[in-house]
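Protein chains in written order, with my numbering: chain A, 51 to 129; chain B, 16 to 164.
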C-alpha cells in the first residue's frame, strides 16, 4: 500500500461510523495517483463535513503526503 | 487508555501512514492537551503557513468530536511551530489592544480562524479597559479591538 492510500484509509476509518465499509482503491494515471474512497452510504457526510471542510482537510493531508514522496495525488469521494 | 493517549496514538498512526519520520508526544497544559510531533519531517507539515498541520488538527478534532465534547480541546503541534505562532499572535493582540487604548481608534486583526480568534479574545480580555468583537459571518472573521465605553 502506498503512503497516499494508507493516509486516506487511516483518516477515513477514524471519521466514519462504519470503518469496515471504508475502501480505498488506487490507480496511476500519467504520473498522478488517483485515489477512490468509498464509504457506507450514511457515512459520506462525515467524510465531507460542514461546507466540505473535512474533505478539504483530507485532500490537504493527501497532497502533503504525495509531495513528500515526490508524487501527485487526487482524491475522489464516492457514495 | 486515556483520551489523550488514544488521540496521540491516532496522530502517530496518521504520520506513520504518511511515511513521515515524526514522533507524537503528548503533554497536558492548563488549556488542554497538546500533542507535539517531533522529527526531521516536520517541515512538510508546517510548509505554506502550516496548512498540513491545520488539516491534521481539523481531522483529529472531527474524528474525536464526541469524546472531546464541548469542554476539552486538543492542540496538534509540530516542532513547536504552533506554540511559537500562537505566542506571536498573543503578542500582536496585546500590542493592538494597547494601540486601541492609547489612540482611542479601534484596531483590526485578521481575517482569523476560530482558533486564532479565541487566542486574540483571551489576550484582549486580560486588559479590562479594552474589548474585542468578531465581525463577519464566514469561517474567517476580522476581530475589532476597541476601548470600552
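Glycine included, every Cβ here is placed at the ideal spot set by N, Cα and C.
Asked: Taking contact to mean at least 3 C-beta pairs separated by less than 8 Å, is the stretch 46-57 of chain B in contact with the stretch 62-82 of chain A?; Found: no
Asked: Using a 10 Å radius around the Cβ and a threshold of 16 neighbouring Cβ atoms, would you call residue 106/B buried or exposed?; Found: exposed
Asked: Return no unless some Cβ of chain B is closer than 8 Å to the Cβ of residue 94/A.; Found: no
Asked: What would DSSP say about residue 4/B, mapped onto helix, strand or coil?; Found: Nothing about residue 4/B can be read from this structure; chain B reaches only from 16 to 164.
Asked: On a Cα-Cα basis, can you pick out the residue from 115/B, 17/B, 158/B and 109/B that is closest to residue 79/B?; Found: 17/B
Asked: Excluding sequence positions up to five away, which residues of its chain have a Cβ less than 8 Å from the Cβ of residue 58/A?; Found: 74, 85, 87, 108, 112 and 125
Asked: Report the neighbours of residue 99/A on chain B: residues whose CB is nearer than 9 Å to its CB, in chain order.; Found: 73 and 77
Asked: Would you mind sorting residue 70/B into buried or exposed? The rule is 16 or more other CB atoms within 10 Å of its CB.; Found: buried
Asked: Note down the Cα distance separating residue 91/B from residue 25/B, rounded to an integer number of angstroms.; Found: 12 Å
Asked: Specify, as a first and last residue, the run of the alpha helix (DSSP H) that residue 113/B falls within.; Found: 96-118
Asked: Determine the burial state of residue 131/B: buried for a count of at least 16 other Cβ atoms within 10 Å of its Cβ, exposed for fewer.; Found: buried
Asked: Could you check the C-alpha separation between residue 112/B and residue 28/B for me, to the nearest Å?; Found: 41 Å
Asked: Check whether the Cβ of residue 158/B sits closer than 7 Å to any heavy atom of the ligand FAD, and report yes or no.; Found: The ligand FAD is absent from the structure shown, which contains no ligand whatsoever.
Asked: Ordered along the chain, which non-local residues of its own chain (more than five positions away) have a Cβ less than 7 Å from that of residue 37/B?; Found: 30, 52, 53, 54, 56 and 57
Asked: State the beta-bridge partners of residue 43/B as determined by DSSP.; Found: 48/B
Asked: Return the CA-CA distance between residue 95/A and residue 89/A, expressed in angstroms with no decimal places.; Found: 10 Å
Asked: Give the list of continuous alpha helix (DSSP H) stretches no shorter than 4 residues that lie fully inside the stretch 79-110 of chain A.; Found: 94-98
Asked: Taking 8 Å as the cut-off, decide whether the C-beta atoms of residue 105/A and residue 127/A are in contact.; Found: yes
Asked: Can you check whether the C-beta of residue 28/B is within less than 8 Å of a C-beta belonging to chain A?; Found: yes
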